[in-house]
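Protein chains in written order, with my numbering: chain G, 105 to 545; chain Z, 105 to 545. C-beta: ideal position from N, C-alpha, C; glycine also.
Number of protein chains: 2
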Amino acid sequence: MKKEIVNIGLIGCGTVGMGVVKILQKNIGILEEKAGTRLRLTWICDKRKIPVQKYGVHAPQLTDDWRQLAHDPELDIVIELIGGYEPARTIVLESLKAGKHVATANKAMLAKYWGEVFTTAQKSHALVYFEASVGGGIPVIQGINEGLAGNHIEKIYGILNGTTNYVLTRMNTAGIGFSAALKEAQQAGFAEADPTFDIQGVDAAHKIVILASLASNGWVHLDDVYCEGIEDLDVWDVRFAQERFGLCVKLLGISRLSKKRHCTRVHPVFIPCAHPFAAVNHEYNAVFAHGDAAGDVMFYGKGAGQMSAASAVVSDMVYLARQAANGTAGQIPCVSYHEHQKLEAIPFHESKCRHYLRFTTVDKPGVLAKISGILSEAKISIASVSQEDPSLFEDDAKQGVRLVIVTHEALEGAVQSALKTINQLPVLKKKAVHIRIEELK
Amino acid sequence: MKKEIVNIGLIGCGTVGMGVVKILQKNIGILEEKAGTRLRLTWICDKRKIPVQKYGVHAPQLTDDWRQLAHDPELDIVIELIGGYEPARTIVLESLKAGKHVATANKAMLAKYWGEVFTTAQKSHALVYFEASVGGGIPVIQGINEGLAGNHIEKIYGILNGTTNYVLTRMNTAGIGFSAALKEAQQAGFAEADPTFDIQGVDAAHKIVILASLASNGWVHLDDVYCEGIEDLDVWDVRFAQERFGLCVKLLGISRLSKKRHCTRVHPVFIPCAHPFAAVNHEYNAVFAHGDAAGDVMFYGKGAGQMSAASAVVSDMVYLARQAANGTAGQIPCVSYHEHQKLEAIPFHESKCRHYLRFTTVDKPGVLAKISGILSEAKISIASVSQEDPSLFEDDAKQGVRLVIVTHEALEGAVQSALKTINQLPVLKKKAVHIRIEELK
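Next comes the structure, spelled out in structure tokens:
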């Protein structure tokens with residue numbers, strides 16, 4: 105028996121929530137046609153008084169108690185947009201247990217409680233969808249989950265954070281330093297007053313956990329994700345790598361997946377300037393997935409912003425409403441998650457790639473021999489060496505001689521341990537710079 | 105009542121069909137989990153004897169008569185992979201009328217019979233999905249139809265043909281001429297022996313018709329699509345525009361959409377080298393959609409090839425099987441198509457963009473004044489003029505003087521009529537070159 109009306113409740117009506125209300129009002133015709141049912145926003149839960157009469161098509165009830173939504177027997181779908189771990193987690197779990205379907209944009213909560221959320225959903229025959237949690241308006245969750253349904257995803261990586269991508273774009277294209285670029289991002293509205301979570305890669309880590317868990321049908325734990333931010337990047341290396349090697353810097357979330365293992369990490373990466381990722385600039389995000397059948401597939405779009413995030417929430421809502429109306433929701437879980445199927449984390453130090461190493465040394469004979477000797481002992485093969493005349497660059501020669509070594513593919517662990525030894529050499533004037541290079545092939 | 109097994113029949117078991125069989129065999133576990141039902145390939149229809157025992161998980165029945173599939177009451181899904189207009193159209197229509205759901209990769213048939221196919225599907229409460237018809241393994245159909253469900257799509261454009269993109273990539277990056285580049289594409293297996301349909305833009309036109317019809321919930325008729333191929337492109341212009349203006353050439357399908365009107369066309373376009381489309385090279389395809397909420401979204405991947413096309417077909421199959429199993433298929437049409445809702449075509453000559461015009465003239469005073477006078481009379485505003493010293497380029501001066509004019513935004517019709525006049529001037533040594541410039545903003 106088909107439901108004529110699907111009732112929707114919105115918990116957290118801030119910027120994105122208001123965007124959802126706006127889309128509901130503006131595009132209700134196509135939404136109801138695609139959902140195959142009428143859509144009614146029956147509840148808005150927020151601590152503030154939301155001036156819904158301005159927007160509301162159906163004049164929803166207002167409350168500041170989410171339990172009223174979770175326990176309203178007429179409600180079909182809960183949209184959780186408050187963010188953070190709690191009470192978001194409790195709201196989602198309680199709503200699922202009460203048989204509501206949930207759309208959420210909450211990447212932090214999903215990354216931390218993936219197992220609990222999807223186990224609860226399966227047990228409750230309810231659905232959780234989360235298009236807005238990664239990549240704003242880019243339909244990447246559905247693209248991977250449905251569009252690449254016939255594939256084993258072997259690799260997934262992404263430019264997942266708009267703030268850091270804005271900063272790195274300015275460093276890449278304007279050659280300005282980290283602090284100046286961050287200030288610009290803040291002025292342009294693409295970085296928060298306290299951008300710590302973004303800059304340190306934590307936000308990107310949440311998102312790669314979601315993508316990798318989705319792609320693997322397992323759960324990639326946040327604790328198993330190596331995470332390094334962009335705050336220590338020196339624009340000297342950015343400019344040098346671009347001019348010499350045609351590389352540009354991006355903060356990537358990267359996950360390599362096999363049926364039983366994964367290696368997942370977030371850190372700054374030099375990538376070839378000719379790669380499509382190099383053209384993903386400013387606040388834009390992009391995700392590459394490599395499927396065993398489809399090959400490389402990329403999704404690109406605005407990673408944040410009121411309407412793009414709202415667009416993603418609304419696409420989840422249509423998807424859930426269609427199934428709620430048909431009464432088929434929950435017959436098949438939205439996301440395949442197998443509690444018993446453990447995914448083993450390959451330690452970061454066992455991963456392999458090429459490495460960009462920059463040493464700032466005193467100007468004495470024998471330095472190169474010493475450093476290259478240590479690398480050689482660690483079985484790290486050198487692909488190229490450049491020793492720069494310090495006067496070529498703006499800053500002055502007192503800083504020392506810059507020696508840049510690019511390795512062939514080498515084990516992370518071997519490189520880290522060699523750098524530890526090298527950093528203790530008295531000829532080093534500063535800690536070595538270490539940036540991984542990914543060909544993204 | 106849920107179906108435990110969904111029966112699938114494959115019509116046309118060539119390269120892509122074999123790919124589908126391979127994926128079914130390799131990834132059956134995840135496919136059945138995502139479909140929520142068992143999947144059984146019960147029929148293969150092909151004129152050739154297909155050695156299925158090598159592949160077949162369930163040893164399907166073989167036939168060379170597609171009617172056996174369309175009229176098998178046990179069959180749920182027909183996969184049509186024979187291509188061409190007929191008998192593909194009849195197969196699809198008959199199958200739908202018999203209540204089968206259809207997955208097809210047939211862009212030519214869909215573009216030509218969109219209205220008939222989707223009207224029949226709606227009347228029969230059956231579904232047609234066609235992920236493989238555009239962009240190979242890129243999940244762009246689902247991305248637009250589901251992922252951007254909350255949006256009005258205002259603009260959609262794409263690099264939709266791998267053959268032409270391979271040729272243009274070689275012209276852009278290696279600076280070689282059209283014929284040499286085409287030969288390379290043929291040798292690399294990315295152009296057919298007779299590549300006419302690709303080179304003339306017909307294949308891209310089919311695909312932009314599908315995308316624009318899907319995005320508009322209407323039907324963009326092939327007859328209303330202006331179509332110009334790449335065979336007349338001169339590499340001189342490609343190199344010049346790149347060096348002088350930072351532009352590169354692509355063959356694009358472009359559709360601008362409002363609720364009641366569309367302007368849809370296929371032709372070579374100069375785009376900024378910094379645009380992500382400029383990094384879509386060789387056999388890769390990409391589609392940009394601009395939604396009123398999500399903003400710009402791009403989908404990228406391999407546009408052709410056995411496994412990528414098969415990946416798309418399989419994702420349709422999973423989608424259809426899930427609904428067939430639930431018994432809900434056809435309650436809501438896969439695609440919104442309103443027969444009565446006419447979409448008016450804006451004539452191509454009313455469209456506006458910037459134009460690159462190159463004139464090859466005799467070396468006499470007054471030529472520039474004459475040409476710019478004609479443009480000015482037609483109210484075409486000039487943005488830049490370059491008159492090249494012929495000795496700068498390889499070919500010799502006898503060819504005449506090359507005068508390149510880039511206009512501000514101007515009406516297509518005005519430019520065409522001005523060019524008609526200019527082409528009749530006795531000072532012209534060759535027909536003017538006319539390439540449109542799109543900023544893709």
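Boundaries (first-last residue) of the alpha helix (DSSP H) holding residue i
i         : result
Ala-278/Z : 266–278
Arg-343/G : 339–349
Val-120/G : 119–130
Phe-301/G : 300–303
Glu-198/G : 192–201
Gln-172/G : 171–174
Residue environment, residue i, which counts as buried when at least 16 other CB atoms sit within 10 Å
i         : result
Gly-524/Z : Residue identity differs from the one stated: residue 524/Z is Lys in this sequence, not Gly. That one is exposed.
Asp-527/G : For clarity, residue 527/G is Asn in the given sequence; the question names Asp instead. Burial call: exposed.
Gly-470/G : exposed
Pro-451/G : exposed
Ala-345/Z : buried
Gln-427/G : buried
DSSP three-state assignment for residue i, whether helix, strand or coil
i         : result
Pro-372/G : strand
Val-422/Z : helix
Tyr-217/G : helix
Asn-249/Z : helix
Leu-479/G : helix
Leu-231/Z : coil
His-459/Z : strand
Ser-317/Z : helix
Ala-292/G : coil
Lys-354/Z : strand
Ile-183/G : strand
Asn-389/G : strand
Lys-534/G : coil
Gln-528/Z : coil
Ser-415/Z : helix
Ile-154/Z : coil
His-256/G : coil
Thr-224/G : helix
His-394/Z : strand
Leu-447/G : coil
Ala-207/G : strand
Whole-Å CB distance - residue i paired with residue j, under 8 Å assumed
i         : j         : result
Ser-455/G : Glu-516/G : 5 Å
Tyr-404/G : Val-384/G : 6 Å
Phe-392/G : Gly-262/G : 7 Å
Thr-368/G : Ala-316/G : 5 Å
Glu-184/Z : Gly-266/Z : Their Cβ separation, rounded to whole angstroms, is 21 Å, which puts Glu-184/Z and Gly-266/Z out of contact at 8 Å.
Asp-180/G : Lys-204/G : 7 Å
Cys-438/Z : Tyr-233/Z : 5 Å
Nearest residue (CA-CA) to residue i, options the options
i         : options                                       : result
Glu-296/G : Ile-186/G, Gly-409/G and Asn-430/G            : Gly-409/G
Lys-483/Z : Lys-311/Z, Ser-521/Z and Asp-180/Z            : Ser-521/Z
Gln-165/G : Leu-128/G, Met-213/G, Arg-142/G and Leu-114/G : Leu-114/G
Tyr-423/G : Val-120/G, Gln-129/G, Ile-134/G and Gly-116/G : Ile-134/G
Glu-250/G : Asp-298/Z, Ile-242/Z, Pro-155/Z and Asn-255/Z : Ile-242/Z
Lys-106/Z : Asp-150/Z, Lys-468/Z, Ala-429/Z and Ile-436/Z : Ala-429/Z
Ile-245/Z : Met-402/Z, Phe-301/Z, Thr-146/Z and Arg-274/Z : Met-402/Z
Gly-407/G : Asp-307/G, Phe-282/G and Ile-112/G            : Asp-307/G
Ile-541/Z : Asp-298/Z, Ala-292/Z and Val-519/Z            : Val-519/Z
Gln-445/Z : Cys-377/Z, Ser-490/Z and Val-324/Z            : Val-324/Z
Ile-112/Z : Glu-137/Z, Thr-141/Z and Thr-119/Z            : Thr-141/Z
Leu-272/G : Glu-288/G, Pro-177/G and Lys-545/G            : Glu-288/G
Val-370/Z : Leu-264/Z, Glu-443/Z, Glu-347/Z and His-512/Z : Leu-264/Z
Gly-219/G : Ala-309/G, Leu-143/G and Leu-326/G            : Leu-326/G
Gly-240/G : Thr-464/Z, Ala-398/Z and His-453/Z            : Ala-398/Z
Terminal residues of the beta strand (DSSP E) in which residue i lies
i         : result
Thr-141/Z : Per DSSP, Thr-141/Z belongs to no beta strand (DSSP E) and is neither H nor E.
Gly-113/G : 109–115
Thr-546/Z : The first residue shown for chain Z is 105 and the last is 545, placing residue 546/Z beyond what the model contains.
Thr-167/Z : 165–167
Ser-490/G : 486–492
Ala-236/G : Premise fails: Ala-236/G is in no beta strand (DSSP E) and is neither H nor E.
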